[in-house]
Amino acid sequence: MKRLCLFLLLLFPLSLAQTVTIEGQEYALEDQLPRDPDIRTGKLDNGLTYYVRRNTEPLNRADFALVIDAGSILEDDDQRGLAHFLEHMLFNGTESFEGQEIINFLERSGMEFGPDVNAYTSFDETVYTLEIPLDDQEVVDTSFQILYEWASKASLSQEEIDKEREVIVEEWRLRDQTMNGRLTKAIIPILLGDTRYAERIPIGDIETVRTAPREAFTRFYDNWYRPDLMAIVAVGDFDPAAMEEHIKATFSSLENPENAPERSRFDVPLPGDSIYYTFADPEFPVTAAQIFYKSPSAKLETIEDFKNNIIGSLFSMMLNTRLEEKAREADAPYLQASASSGPFYGGVDDLTLTVVTQEGQLETGVTAVLAEVKRIQDFGFTETELERAKTNLLTSYEENYKVRDDLDSSFWRDAMVDEFLTGGIVTSNGADLDIANAFLPQIGLEDVNELASIFRDEKDRAVVALVPQKEGLNAPTEADLQAWVEAGFNQEVEAYQDELADTELMTEIPEPVAITDETYVEGLDTTIITLENGIRVIMKPTDFTAEEVLVNGSSYGGASLVSDEDYPEASTISSIISDSGVAAYSLNQLERILAGKNVSVGVGIGNISEAMSGNAEKEDLETLFKLIYLYATQPRKDEAAFKRNQDSLIANLENRATQPNAVFQDAITESIYGDNIRFNSLTIDQVENLDYDRAFEIYQERFADMDDFTFTVVGDFDIDTVKHLAQVYLGNLPGKPGTETWRNYYPPLPQGVQKVDVYKGLEEQTILRLQWDGPFYNPVREERFKLFLLQGVLDIKMREKIREELAGSYSPTVFQRYEQKPSRRYTLGVQYTADPKRVLELIPPTLDVLYDLRDNGPDEDTLFKAKEQVKRGLEEALQTNSYWQYVLGFFYFLNPNEDPLTIVNYAELVDGISANDVQEMAQRFIVPDRYTQVILYPEAYQP
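Letter by letter, the sequence shown follows residues 338 to 1280 of the numbering used here.
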C-alpha cells in the first residue's frame, strides 16, 4: 500500500533485527518487500504490464487505469505541450468512436466526466482512469474497447485537433494566467535548474499548441504509446481470474513499433550549493518562506527500505509536533510551520520546511523554525516523544489493517499505478503491520536523531521567500535570506522540555440517565431513542468501513440568535475553542492524553444551528463521547489560542483586496446580500476588535441548553454499547425547559437583472458568473431531485456548447444549492474562466443553453444521462457512513416532516421525473428578468 513516506532517508547501519516475519514467512533485511498476495500481475509478450485486484468498495464497481510511461519530458522541441494535448485528443475520437462518442457512451452509463472519467499528464507519465458500473456486461466490454483504442487507435483527425486547440489555450489560461502561474514560472528554475524538466512543463508552449501540425501529434503517439511502456490496472468487485483473462485477450494484440526510440530517463542534478531567492508578487496572499533540501531518491523496495521509512516517519511526526507546539505559544514567532517530503523529479527527493508569518515577521519565523531544527541537532528528541510517536504510528498501521477490506478501489488503483511508474512494491496492510510490529520496539533515539544531520547540508539547499509586493513592505534580499539561515543555525538553544499530562480525560463519570422512548425504523435499520434530558439519538449500525463510527449532534439557534454586533465573535469562537484544549488540559496536553487513540471532535456555531461532531474507532468510542461531554460542559479558555486565531485571521485578510478571486467573490456576495455582515467576509477592524470574553460567553450560551439536540451515530458499533454511552454522557448534558429555534436574518431577494464588472488581476483571464436566486417554495425530496437533474442536464449542455463547440472555456461549471431554513431559497448558476476579449460574445450562447432548457425542456438523451449519473452517485453514496449521517440528520433534524424512507427508494423517484418536470423547474428557477451577472476582468481592462 502507499507509504507514509514523509522524509527522505539517509541509510546508515542500525543494530536492529536482521530478519522479520511477515504474514508467517521469514524475510531478511535485504529481501524484496512481498507484494500484496491479492494482486495478480504479469507482463504480456508485447511488454504490456498488468495488475488485477479484487476489491468490493464500492460494490458493483470497477476502477481501470491505462498508464503510459511517457509524458512531457519526452517531447521533441516542436512538440512542447503535445503530450498533454494528446491526452485531450484521446477523448475526441478513436477508430470505433468518432468525436464525442466516448464521452456520450460513458455518460449514458452513469459516469461523469471528471469524477469517473479522467486523465492527467505529468513530466514522466500520462494516465487515463475509468470507474464503471459492473451490472451491464456491455458497459464492461465497451470500456475495455475504449482502453484498447486509447492505447492504439486514436484518430487524431485534423478537424478535432483544430477544435481542441483553443480548449487547451483556455486550460493554459486557467492554470498559467494567475499568481500561481507566475510563481511556478519563477520557482521552476530554482528547483529544477538548467534541466530538461525545466523546459518541458506539461502545459507546454502555447504557440506550439496553437500551430503544431498533425504529424507532431502522430509522431509522439506512435513513438511512446506502445505496449512495452504501458500498464493496465483493474481493481473492483469482479472475478480477478476472469478479469486477468479479459486483459490478456484484449491487449495481447498490441504491437510495438519497429525501431522504437529508447525511453530515456532524465536526472535533476543536485545544485551543489545553496540558492537564495525571493518571489514578491502583488497578489501573493501571505508572508512565507520555504527551505528545500534535495537528495538522491530513497527507494522503497526492500525490508530495510521499509524499516528506514518507519524511522523517517517517526522523525517527521516528532518534528512537526514541535513546530506545531511552538505556534501555540503566547506571542508565537510564526503562524504555522511544517516539514514535509517526498519524491520530486529526476531521481531526486525533496524535503521542505515551510513557515508562514505575519507581515514583517519573516526573519523571526525563519530563525524560530531553524531553532527547532538546531534543538534536535544539539539535543535530539526525548524518550517520551519517541514513545508517543511510536504509539501513534502503530495505531495508524493497525487502523489501515482493520479497514483493509473497506478501502476504495481508487486507492489500490493509484498504488499500482505508482508501482508501475516508480518501481516500488504494493504490499498488503497485513505485511505493513507485521513490519511495524517487528521494528518499532527496537528503534531508539539514536536511530531517529541521526536523520537531523540532513539539515546541516548546505550544498543542495534552496531558500525561497514568498511575500506580497506592496508599498511599505520590504522584500528580503538574497543576502538577507542567507544571513537569516546562518543566524538560525548559529543560535544557542536549550534542550526541549516535554510537557507531560494525565492519562485520563475524566476522573468522575456521570451516572446513566433513563431512556424515555425508543423506536426502531425497519426500512432504515435505524434505532431512535430519547433520553431523560430530551436529547434524541438516532443510531444506524453499518458494515461499510470497519471500526469507523461517526457522531454528529445539532440544535437550532446558532449565530442567528446573536446580534449583528456580536456576529464576529459568534463566527470565530468555534475555531478558538477547538484550538484551546478542553477542561483542564491545554491542546498539547490533550494530544498527549489521546496518543494512540483514533478519535477527533469538532465544535461549530453555524448560521442557524450549533453542532458537535466527531469520529472514532469502535474501541475509542467512549473517548469520543467523553470529549463531547467536556466540550459542552467544560470548554477551556486560552488567551494564547485566541491571539493565535486573531493573528491568523488578520494575516489572511491583510491582502484580500489584492486577490482577484476574493474580490470577485466579494462582488457576488454584495450583489446578492448587500452589506449584510452575516454573508460578507470579516474586516480587519472587526477581527482586531474581537471581544474574547463575549465570544466565550456566546459559546457557553449556545451549548448551555442541549435538550433539543439531535445526535446521529452511524458506523461499526454495537447498539447496546452506544445506548449506554448516550445515557452516561449525552444524557447528562445540560438542558433547560423550552425549545430554541432560529431567526431569519436573510435580506430580501435581489430583483431585476444586476450586472457588475470587477477589475482585478494582472493576467489575461476573465471569470464570468451568471446566477439566479429565488424562492424554493416546496423543497421536498422529489423537487430536490428535479433540481439535481436540472443541474446535471445543464452541466452536460454547457460542456458541449461552451467547451466543445465554442472552445470558450476549459471547464464551465454549473452549480446549485438550496436552503430550507432560515429561508426557502435556491441558487442556480454557471461560472467559467475565459479570454477577456471573448467573454462578452460567450454570454449569449450561455444564456441560450439556459433559456432553451426553459423553453423546450431537456432532450431525452441528455435527461437519461443526468438520471443515470444521479442514480449511480446515490448508489455509491449509500455505501458510505458519511452519506447516511448526512441524510439521517437531514430528515430527522432539518426536515422532520418528510418520510425518511425515501432515502432508499431514490431510483423510483428519479426515474419518475419527466422532461416536462425538469422544464417546469427551469421555468421557475431560470428567470430571464431576475439574475445576477458578475464579470472579473484584468485591471488593464478598466475603462
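In this text, a Cβ means the ideal position worked out from N, Cα and C, and glycines have one as well.
Mapping DSSP to helix, strand and coil, what is residue i?
i, result
"residue 1037", "helix"
"residue 1092", "strand"
"residue 435", "strand"
"residue 895", "helix"
"residue 569", "strand"
"residue 1079", "coil"
"residue 996", "coil"
"residue 1237", "helix"
"residue 553", "helix"
"residue 296", "Outside the shown range of the chain, which is 338 to 1280, sits residue 296, and nothing can be said about it."
"residue 1201", "helix"
"residue 926", "helix"
"residue 778", "helix"
"residue 492", "coil"
"residue 652", "helix"
"residue 380", "strand"
"residue 300", "This structure gives no information on residue 300, because the portion of the chain shown stretches from 338 to 1280."
"residue 1129", "helix"
Within the same chain, show all residues whose beta-carbon is closer than 8 Å to that of residue i, passing over the 5 residues directly before and after it, in chain order.
i, result
"residue 1214", "1220"
"residue 1127", "1153, 1165, 1190, 1255, 1258, 1259 and 1262"
"residue 1117", "1235"
"residue 564", "381, 383, 384, 385, 488, 588, 591, 592 and 593"
"residue 1231", "1157 and 1158"
For residue i, count the other beta carbons within 10 Å of its own beta carbon; 16 or more makes it buried, fewer makes it exposed. Which is it?
i, result
"residue 644", "buried"
"residue 420", "buried"
"residue 457", "exposed"
"residue 829", "exposed"
"residue 692", "buried"
"residue 547", "exposed"
"residue 1102", "buried"
"residue 522", "exposed"
"residue 706", "buried"
"residue 1106", "buried"
"residue 469", "buried"
"residue 796", "exposed"
"residue 460", "buried"
In the DSSP assignment, what are the bridge partners of residue i?
i, result
"residue 359", "362"
"residue 624", "694"
"residue 455", "466"
"residue 1052", "878 and 886"
"residue 952", "887 and 937"
Within a Cβ cutoff of 6 Å, which residues of the same chain sit near residue i, ignoring the five residues on either side of it in sequence?
i, result
"residue 1076", "1045"
"residue 1124", "1153"
"residue 681", "687"
Using alpha carbons as the reference points, say which of the options lies closest to residue i.
i, options, result
"residue 1178", "1150, 1144 and 817", "1144"
"residue 879", "1184, 1050, 569 and 1167", "1050"
"residue 894", "449, 1078 and 434", "1078"
"residue 360", "770, 585 and 813", "770"
"residue 673", "679, 680 and 665", "665"
"residue 679", "630, 692 and 668", "630"
"residue 875", "844, 885, 883 and 858", "858"
"residue 541", "510, 555, 569 and 999", "510"
"residue 984", "569, 1021, 1209 and 1007", "1021"
"residue 392", "405, 373, 651 and 403", "373"
"residue 907", "916, 896 and 917", "896"
"residue 281", "817, 710 and 994", "Nothing about residue 281 can be reported from this structure: the residues present for the chain run from 338 to 1280 only."
"residue 803", "796, 812 and 797", "812"
"residue 314", "1161, 1120, 913 and 1140", "Nothing about residue 314 can be read from this structure; the chain reaches only from 338 to 1280."
"residue 1226", "356, 887 and 545", "887"
Leaving out five residues before and five after residue i in sequence, what residues of the same chain have Cβ atoms less than 7 Å from its Cβ?
i, result
"residue 683", "532, 534, 603, 604 and 605"
"residue 485", "587 and 588"
"residue 1130", "1190, 1195, 1199, 1200, 1203 and 1255"
"residue 423", "554, 557 and 558"
"residue 761", "637, 638 and 755"
"residue 768", "359, 360 and 371"
"residue 719", "833 and 835"
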